[in-house]
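Engineer: Sharing a structure here in structure tokens format.
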Amino acid sequence: MTQAALHLLVNVDVRRVSKPDFTRKTMISTLTMPPLTLMTAEHNPGGGTGAVNFTNPRVEAPEPALTAKGIDTEIFTGFGEVDRYVFAASYKKRGSGGGGLVPARAIIEGAVTTWEADESDPAEMQGSTHGFNEVTHYELVVAGDELFYWDFWEGVLRMGGIDLTAARRSALGA
């Protein structure tokens, strides 16, 4: 039986696509990739024997976040304005036959809309959490393989290379 390889997180960074040379790799303490959750519609017929949550190929609003140590003054530039961000990571792949470092990239288009400083004192490093909203684009590529792609404006949702919305776009004449 083939065993799935382990991917162990090694490093993370978040950059604006428009500022590829500005890195946060030494300030980020946590990175929250938003969950990708398909919407469901419950149907509980009066004459039935139970309810079913039917899956709908639509994504619930993703809300990424990051926590930085110290104060990230650059994050306030364009605060509340939509921009494209690269959530970058490197994973150490472990499995039979060897391994190596594997790149991962999430491209997220959204706006930083919350900033919350940690409770702190002079004896410890203060941190702050940055939250994103108005996310309209979210894609994840690991080791060159697209795991998913979602774009609100394009009306596209691909999972593992399969377009879940192609038939719907075709039915609408798009």
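First residue of the sequence shown: 9, per the working numbering; consecutive thereafter. Don't be surprised by glycine CBs; every beta carbon is placed ideally from N, CA and C. These figures come from a predicted structure and were not determined experimentally.
1. Would E82 count as contacting chain D if we go by Cβ distances under 8 Å?
2. Where does E50 sit, in a helix, a strand or coil, going by DSSP?
3. What separation, rounded to the nearest whole angstrom, lies between the Cα atoms of E50 and P65?
4. Does the structure place the segment 12 to 19 close enough to the segment 95 to 103 that three or more beta carbon pairs sit under 8 Å?
5. Per the DSSP calculation, G139 is bridged to which residue(s)?
6. Which residues mark the beginning and the end of the alpha helix (DSSP H) in which A182 is found?
7. Rounded to a whole number of angstroms, what is the C-alpha to C-alpha distance between P43 and P72?
8. Please confirm whether L74 and T40 have their CB atoms less than 8 Å apart.
9. Am I right that F160 and H145 are in contact with their C-beta atoms under 8 Å? What's the rounded C-beta distance?
10. Mind checking which residues open and close the beta strand (DSSP E) that includes W158?
11. Would you identify the three-state DSSP class for R32, choosing helix, strand or coil?
12. Quick one, which of G54, T85, P130, T137 has its alpha-carbon nearest A76's?
Structural biologist: From the atom records:
1. Protein chain content of the structure displayed is limited to a single chain, and chain D is not contained in it.
2. Walking along the sequence shown from the start, residue 50 turns up at place 42. Strand, per DSSP.
3. Counting from one through the sequence shown, the residue named residue 50 turns up at place 42. Counting from one through the sequence shown, the residue named residue 65 turns up at place 57. About 14 Å.
4. yes
5. Counting from one through the sequence shown, the residue named residue 139 turns up at place 131. G139 pairs with A73, T122.
6. Residue 182 sits at position 174 when you count from the first residue of the sequence shown. A182 -> no alpha helix (DSSP H), and no H or E assigned at all.
7. Position 35 of the sequence shown, counted from the start, is the residue given in the question as residue 43. Position 64 of the sequence shown, counted from the start, is the residue given in the question as residue 72. Rounded to the nearest angstrom, the two C-alpha atoms are 8 Å apart.
8. Here residue 74 refers to the residue found at position 66 when the sequence shown is read from its first residue. Here residue 40 refers to the residue found at position 32 when the sequence shown is read from its first residue. Contact flag set, yes.
9. On the sequence shown, residue 160 is found 152 positions in, with the first residue counted as 1. On the sequence shown, residue 145 is found 137 positions in, with the first residue counted as 1. Between H145 and F160 the Cβ distance is about 7 Å, and since that is below 8 Å, they are a contact.
10. One-based indexing of the sequence shown puts residue 158 at position 150. Segment 153 to 159, the beta strand (DSSP E) holding W158.
11. Locating residue 32 in the sequence shown gives position 24, where the first residue counts as 1. Residue state for R32 is assigned as coil, using DSSP reduced to three classes.
12. The residue you call residue 76 lines up with position 68 of the sequence shown. If we check each option's Cα against that of A76, T137 comes out closest.
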